Each structure stands twice: as C-alpha cells, then as structure tokens.
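Engineer: Let me give you the structure first, and then I'll get to my questions.
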Amino acid sequence: MARKAQGAEHPTLFDAPAAPAQAAPAKKPRAPKAKAADAPLLMLMDGHAMVYRAWFAMADAQPLTIRATGEDVRGVYTFTNTFFKMLADLKPTHVAIVFDPPGPTFRHEAYAEYKANRAPTPPALSQNVVRVKQVMTAFGVPVLETPGYEADDVLGAVAKLAAEAGVDTIIATGDTDTLQLVAPRVRVLLTTGYGNTKIYDEEAVRERYGGLEPDQQRDVKALTGDTSDNIRGVPGIGVKTAIKLIDQFGSVEDLLRRVDEVTPPRIQGLVRDHAETVRQAKELVTIATDAPNDFVMDDARFGGFERESVLAVFSELEFSSLVPRIPTGPDDLASAAHQAPAPGSAAATDVQVIDTPAALESLVKRLSAARTVVFEAEASTPRAMEASLVGLAFAVEPGHAYYVPVGHAALELGGGGQLPAETVMDALGPVLRDDKVAKAGHNLNFSMTLLANHGIRPTSVRVGFDSMIAAHLVGEKALGLKPLAFNRLNVELTPLSGLVGTGRKQTAFDVVPIADAAAYAGANADIALRLMTDLEANIERDGLTAFNRDHAMPLVPVLVQMQVHGIAIDTGVLAELDEELTVRIEEEERAAYEAVAHDFAISSPAQVGELLFKELKLPAGRRTQTGYSTDASILEGLREAHPVVGHVLNYRELSKLKSTYTDTLPLEVNPRTHRIHT
C-alpha cells in the first residue's frame, strides 16, 4: 500500500517547515524549554471525531441557532464546552487540532470499499466543523490537515515527533483506533457513549485488551474487522477470540505463518481461508505515524491568543454564556472549568457617584425632566425580600449613568462616602412614583421588590419597558443582561462574580468598594438603556408594541405586588402533616419488603428495575442508559401484576409530598414577614 515518500520536506518539530527542494537535512528536534516543575504537555485533538460526537450528543436537543441567521451551532457549542473542560483538567502547555481532509486517502486507494458504508455527512454538521476551525484559529490553536491522510495518521505522526523531543502528549478522541498509539510518552483521552471519558496509558490498554500491548490492538482489529470503517475481518472471530490468538502468536503475521498450530480446527480454518483479508485489514487499521504535516511546537504553545479575536467569534456565534470561561492566559486554564470571573471589556460608561446632598438634588431634577428613566437596584444578597438596599443606578442617556450608594458596609475599602438610605429614598421616592416618568430596566421584578422594602409600593411605579421581557417577546433564548449585551450589542459586561467572587470566597455586594460597585451598576443601567432602544425596534417590527405597552408592562407591578405580599402558611399544621407522612412512608417501605421477602433500595430506580424485571420477571418497558425505566407510567400498568408495585408507587408519591411541601415550605418562610414569597 503505497504512501507519499518521506524526506527533507517534513519539518522538524520546533522549527518552521523547511523548503521542499534544497532544504538542509532535518535536524534532531529540539526539546522545548520548560521549567522542571512545569513539564510541557501537548494536547492533540481529533477534530472530526470530537465535533461528530458533540453534534450527535445534542441530536435530540432543541437546535441551538444563531438568532440572525438560523444557523444550527449546537455541535460547536458542545465542542467548545468540552475544549474548556479539557484545558481545565489537563492544563496543557501546547494544543493542536487535526481534521480529516476532504477527498480520498491512501486507504481508499488500497481498498475501494473503505468507509463505503457511511452515510453522507449532514451539511449542518459540516458547517459545524468549519465553525470549530474558526473557534480554534481564534484561540491560536494550529489546525492541521494533510491531503491523503486521515486525522489519526497526523495525530500519530505528531505524537511520535513530540515523544522523540521529550514532550508528553495526550490525544483527545472518540476513536479507539488511536489506542495503538499509546506509549510511554503518549496517552489517549477516549470519550465513549453518554460523555464518559477515560485516559488510557499503557497499563489501561493492557487491561482493556487482555494483557496485550497497545500496538497489538491493530492485530486484534485485523482479525475482528471494523464495521464503522467497513473493514472486513474473519467471520466468526470476535474480540475475545482475537485477543486469545494474538496473545498466543504475538501478531497476525506470526499467526498466519504458524496457522497450523491454531486450535480448534474451526478457528484454524477460518484464519486460513481469510488470510489475505487479515493482511489487508492490518494495513488499513495501522496508523501511519510517518504522515507528512507542518506542525511546529512553538506555534502550538497555548495562551498567546488575542481575547478580542475570541470575543468576535463568540459574538457571531452568540456564545455569551461561554465568555466568562475564556482563559486570560496560559496560567489561567483552571477558569475554563466553570463560569469564573473574567475581566470585562465593558461599555464606555461615564458613571457619576451621588454622595452629597447637592449631587442628589441635581440628580432628582435630571430624572424628573426625563421621559424614561432606566434604573437598577443593587442588593446585599440575591434574595430580594431578605436583602438590604446597597445602591441605585440610573441612566437617561447612552454612555452616562449615576450611582447612589446607600448601604455599603466598608467604606474604607473603596474610599468615598454615602448618603443615608432614608435621605435618598425621601428624595427619589417622588420621582419613582411619578406617573409622567416611565421606569425601565432589566428584570425590574427584582429591583422593584427591593424598593418595596423601602416604601416604594410596586403598583405606584409606572413601568414602561423591561428588556428581559422584551427579549423573551422577540425570541431571545438567553435573557440575562450579560448575554443580551454580548449577543445584541457586542459588549462584554463584568459579571457579578467579578466583584463578589464565587464559592466559599464569595462576599456580599455591600462590601464591594463604592468605586467598583458604581462602575458595575452604572454600566448595567447604561446597557439596559441601550438594549431598550435596540429591542423596541424589534418589538415594533414583530407587531408587539401594543401588547408590550398595554398588557405585559402593566402586569409587572401587579405581579411584584403579589410577590411582595406573599402567602401565609400554618407551619404547625405542616409539622403535623410531616409526621403523618413519615409514618405512612415507613409503612409502605416495610410492606414493599414483605411483598418480596427481602430488603432492597426502594429509592433507587435501578434496583427497583432489577427487582421487577429481572427477579420477578414482570413485563419490562423501555430501557434507559442506566437500566430499565421505572417511571410512574410504566409502574401504573403493572400495579395489578404484583403487590410490591403498588407499595413502590405509594412510597414515591408520599415521599414526593414530604420533600416538596412539608420538608421544604417551612424553610421558605421569610423570617421578617413570616410569609412565603416567590
């Protein structure tokens, strides 16, 4: 099976590609400079395999489309999520991605039926591949593709060169063929069904293949064939038999030379009759680690990308939720694991802090003269009914905002002062209640609930526009202020976590320095104002202006008033009901065990499925990825088939009542109002 000749045209690992003609002989690859405690790690990604899995992992999900064009980018989104997770988990110093080239490869030339059984790639999936290349290019990741060779071949060639240079490699793929590449410096991160992943080193491959070495995996496949690639093997020989034969003979070549020693006679006959098929299969499944490529290690060093380039691509794809996970540099890969704080290239908003009586008086006059005032209330905690007011932000013209601090607890952290909350609310109350001045904002439900605790009755506020509701009306999927700003205005706002942190280190907003809080809240108010202008045009285009003005907006203060009023519950009655439910749940559990004469994990759907469908042999319904389905629709049809079924259903119903109501509702009672608020 002829392949392209190798020679001086092949570039060295760390130098730029040599000229194909009078190039000097390739020098031995130079090892990358790295600290002893920071050994280099190359992460190679199998592009087509990963995008394919990403696409079909979301096959049953609602399409993720770009609002403006309708292009389905679900595969790109899932791939990018996986990419971020691998960066966080593996922390590579170098990254590259390899794709299959268009057109046939040397394997097609050797075997015309190679991969002939595969259906054509859906056009939408092909477009996702193009988009993934666009994302990788923005991140500065080399995109490799060699005509006539598959991605596996280039992965193997690059991994081999890296190993020779003393660089460890992890190959990320969903293709088991790459397990033959595992070596002392090469591991494979294999993704299987349902998103399960496992890193294979030499020992893990031996465990999977009955003690065989990684390079013997191709011998096993030569005997079994590979249906996914339409490669024929020996009919009647499965994986277990193939492993046994290769364990005994070492390789298919030695197996064929010593075929007379094969037992039993049936297997010997099969091997003898299909000798040529086995030889051809071995050639087809063997990865060509001498495949030409233009990989340069220095080009693959990760972290030197331009953030603005990534933001531009993410903006086009409307991936606002992924923006906080963009690493800030090579030492910040851990942030890709979750929605960590990211520095915001926020809108250019001039924010004036209102911290004197004169400034407050001037602000009141400015707001009173406006037709519409955008405002945002900042709270000490995310639960508005339990929070205290920290500050108020206002905007009446793009690019300028005001911030009125009233509840910052640690003024020394940020300098400046603040006016008493009572003074501020006395001054701003008339403006907020002024029916001539429409109030607007983003998620006014929260801000108005917070103000209700400071004497501003929700129904006294005339709501003119809420960008969260408007975004829903025009069909936006991500309704938060940050994603809307990014997707519609191409503005990256600083997330709240950028000020208060996350996890155990998270602080309250009232300890954020006033200067930082003003920049954050002022930018939010400014962007809400700009979104109002942007979304109003879309609402008018869709013929929803009257509905939004006459129905949606007037309902906002009514709903807020209902939420603020809350619902009173009798916790004493709930406590009595909880005791009764506990007794009945225990009774149903005991009855279920008595019905089958042994205990089992009644709360485990998997164990209930094993009991009903394997032990008791009841008619099974559909299977899930974790076992038999035991949902209510299945069990109701089996209620009369065995007494245990009724007890399981009763146990579940009573447990649901307890966990949803008697356990949970008392915890939702507001300690100040003694009522439940949504």
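Going by my numbering, the sequence shown opens with residue 4, and the numbers climb by one from there.
For glycine and all other residues, C-beta sits at the position ideal for the given N, C-alpha and C.
Computed from a prediction, not measured in an experiment: that's the story for all the values here.
Within the stretch 631 to 667, note down every full beta strand (DSSP E) run reaching 3 residues or more, in order along the chain.
Structural biologist: Qualifying beta strand (DSSP E) stretches: none in this window.
Engineer: To the nearest angstrom, how far is the alpha carbon of I572 from that of L580?
Structural biologist: Distance between the alpha carbons of I572 and L580 is about 13 Å.
Engineer: Could you check the C-alpha separation between T244 and T181 for me, to the nearest Å?
Structural biologist: Each residue's alpha carbon lies about 21 Å from the other.
Engineer: Could you compute how far the alpha carbon of G575 sits from the alpha carbon of L668?
Structural biologist: Each residue's alpha carbon lies about 12 Å from the other.
Engineer: What would DSSP say about P360, mapped onto helix, strand or coil?
Structural biologist: Helix, per DSSP.
Engineer: Compute the Euclidean distance between the alpha carbons of S391 and L453, then round it to the nearest angstrom.
Structural biologist: The alpha-carbon atoms of S391 and L453 are separated by roughly 7 Å.
Engineer: Run the CB neighbour count on F298, radius 10 Å, all protein chains shown included, and call it buried at 16 or more, exposed below.
Structural biologist: Buried.
Engineer: Return yes when the Cβ of G143 is within less than 8 Å of the Cβ of G307, no when it is not.
Structural biologist: Going by C-beta atoms, G307 is nearer than 8 Å to G143.
Engineer: Would the beta-carbon of E389 fall within 8 Å of that of A524?
Structural biologist: No, these two residues do not count as a Cβ contact at 8 Å.
Engineer: Can you tell me whether A443 is helix, strand or coil according to DSSP?
Structural biologist: A443: strand per DSSP, three-state reduction.
Engineer: What residue range does the alpha helix (DSSP H) around H111 cover?
Structural biologist: Counting along the chain, the alpha helix (DSSP H) containing H111 begins and ends at F109 to A113.
Engineer: According to the neighbour-count rule (16 or more other Cβ atoms, all chains shown, within 10 Å of its Cβ), is N199 buried or exposed?
Structural biologist: Flag for N199 reads exposed.
Engineer: Relative to the alpha-carbon of T292, which residue among F317, G236 and A162 has its alpha-carbon at the smallest distance?
Structural biologist: For T292, the nearest C-alpha among the options comes from A162.
Engineer: Keeping to the same chain, check which residues put their C-beta closer than 7 Å to that of A412; ignore five residues upstream and five downstream.
Structural biologist: D513 and V514, listed in sequence order.
Engineer: Just how far apart, CA to CA, sit A168 and T124?
Structural biologist: Cα-Cα distance, rounded: 37 Å.
Engineer: Looking only at DSSP bridge pairs, what is H2 linked to?
Structural biologist: Summary: the structure shown does not reach residue 2, with the chain confined to residues 4 through 681, and so no result is reported for it.
Engineer: Return the CA-CA distance between E148 and M139, expressed in angstroms with no decimal places.
Structural biologist: About 14 Å.
Engineer: Among T72, V170, E582 and R328, which has the Cα closest to the Cα of S500?
Structural biologist: Answer by Cα proximity: R328.
Engineer: Please state if the CB of A594 and the CB of H650 are separated by a distance shorter than 8 Å.
Structural biologist: Their beta carbons are under 8 Å apart, which means H650 touches A594 by this criterion.
Engineer: Within the continuous alpha helix (DSSP H) that includes E400, where are the two ends?
Structural biologist: Counting along the chain, E400 falls outside any alpha helix (DSSP H), though it belongs to the beta strand (DSSP E) covering L392 to E400.
Engineer: Which residue wins for smallest C-alpha separation from I357, given the options V427, D469, S231 and A303?
Structural biologist: Per the Cα distances, V427.
Engineer: Classify K485 as buried or exposed, calling it buried when 16 or more other Cβ atoms lie within 10 Å of its own Cβ.
Structural biologist: K485 comes out buried.
Engineer: Find out if the Cβ-Cβ distance for the pair D103, A154 is shorter than 8 Å.
Structural biologist: Cβ distance < 8 Å, so D103 and A154 count as in contact.
Engineer: Between the Cα of T681 and the Cα atoms of Q421, D429 and M565, which residue gives the shortest distance?
Structural biologist: Nearest C-alpha to T681: M565.
Engineer: Going by beta carbon distance, what residues of the same chain come within less than 6 Å of G630, once the five residues before and after it are set aside?
Structural biologist: For G630, where only same-chain residues beyond five positions count, the Cβ hits under 6 Å are A609 and G612.
Engineer: Where do the N-terminal and C-terminal ends of the alpha helix (DSSP H) with K285 fall, by residue?
Structural biologist: Taken as a continuous stretch (DSSP letters only), the alpha helix (DSSP H) holding K285 covers A278 to V288.
Engineer: Where does the unbroken alpha helix (DSSP H) through T72 begin, and where does it stop?
Structural biologist: Taken as a continuous stretch (DSSP letters only), T72 belongs to no alpha helix (DSSP H), as it is neither H nor E.
Engineer: In or out: E543 buried (at least 16 other Cβ within 10 Å) or exposed?
Structural biologist: Counting Cβ neighbours within 10 Å, E543 comes out exposed, since fewer than 16 surround it.
Engineer: Please name the residue, chosen from A127, G106 and P95, that lies closest to V79 on a Cα-to-Cα basis.
Structural biologist: Nearest C-alpha to V79: A127.
Engineer: Going residue by residue through the stretch 149 to 200, where are the continuous alpha helix (DSSP H) segments of at least 4 residues, counting only ones entirely within it?
Structural biologist: The stretch 149 to 200 contains these whole alpha helix (DSSP H) runs: 154 to 167.
Engineer: Verify whether the separation of the beta carbon atoms of M53 and T176 is less than 8 Å.
Structural biologist: Against a cut-off of 8 Å, the Cβ pair of T176 and M53 comes out as a contact.
Engineer: Which runs of the alpha helix (DSSP H) fall wholly inside the stretch 472 to 513 and span at least 4 residues, in chain order?
Structural biologist: Segments of the alpha helix (DSSP H) lying fully in the stretch 472 to 513: 484 to 492 and 500 to 503.
Engineer: Within 10 angstroms of the Cβ of A635, are there 16 or more other Cβ atoms? Answer buried if so, exposed if not.
Structural biologist: Classification of A635: exposed, given that the 10 Å Cβ count is below 16.
Engineer: Look up H554 in the DSSP assignment and say whether it is helix, strand or coil.
Structural biologist: In the structure shown, H554 sits in a helix (DSSP, three-state: H, G or I).
Engineer: According to DSSP, is H411 helix, strand or coil?
Structural biologist: If DSSP states are grouped into helix, strand and coil, H411 belongs with coil.
Engineer: L16 to F59, Cα distance in whole Å?
Structural biologist: In this prediction, L16 has a pLDDT of 39, which is less than 50 and means its spatial position is unreliable; nothing more can be read from the coordinates.
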